[in-house]
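Below: one structure, written as C-alpha cells.
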Amino acid sequence: IDRSIARTRNIPEAMASTGEVGLSNRHVTRMMGELFVLRNQVNLETDILDTPELFWEYSVYEPLYDHCRQHLDVDRRGDIF
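Take the sequence shown: its letters are residues -16 to 64, numbered as in the numbering used here.
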C-alpha cells in the first residue's frame, strides 16, 4: 500500500495544478485495477479493523485501545479503503 501511495502521490497534485493527468487511459485503468486489488486485500485478508486478540487476555486495556482508535479515526480511514 505504501509503495502504491508513493508511486501515485504526484497524480492528484498534477490534476490540481494542470487539470490533466499525463497518463494514457490504459495506464489509468491498470492503476485503478491495482487499487481495487489492494482494497480487496485490506478488506478480506487483514484484520486491521478488528480488536486484537491480545485484549481477550488483557481486557483492562481495551478502553485505551478504543480511545486510540477513535482519536486516530481508524474506522473512517478503514472505510476509505
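Note that the Cβ used here is the ideal one computed from N, Cα and C, for glycine as well.
Three or more beta-carbon pairs drawn from the region -14 to -6 and the region 13 to 25 are found closer than 8 Å, and the two stretches are therefore classed as touching.
In this structure, DSSP gives L55 a state outside helix and strand, which the three-state scheme calls coil.
Uninterrupted alpha helix (DSSP H) stretches at least 4 residues long and entirely within the region -15 to 47 occur at -15 to -9, -7 to 1, 8 to 28 and 37 to 40, given in chain order. Rounded to the nearest whole angstrom, the CA to CA distance from V11 to G5 is 10 Å.
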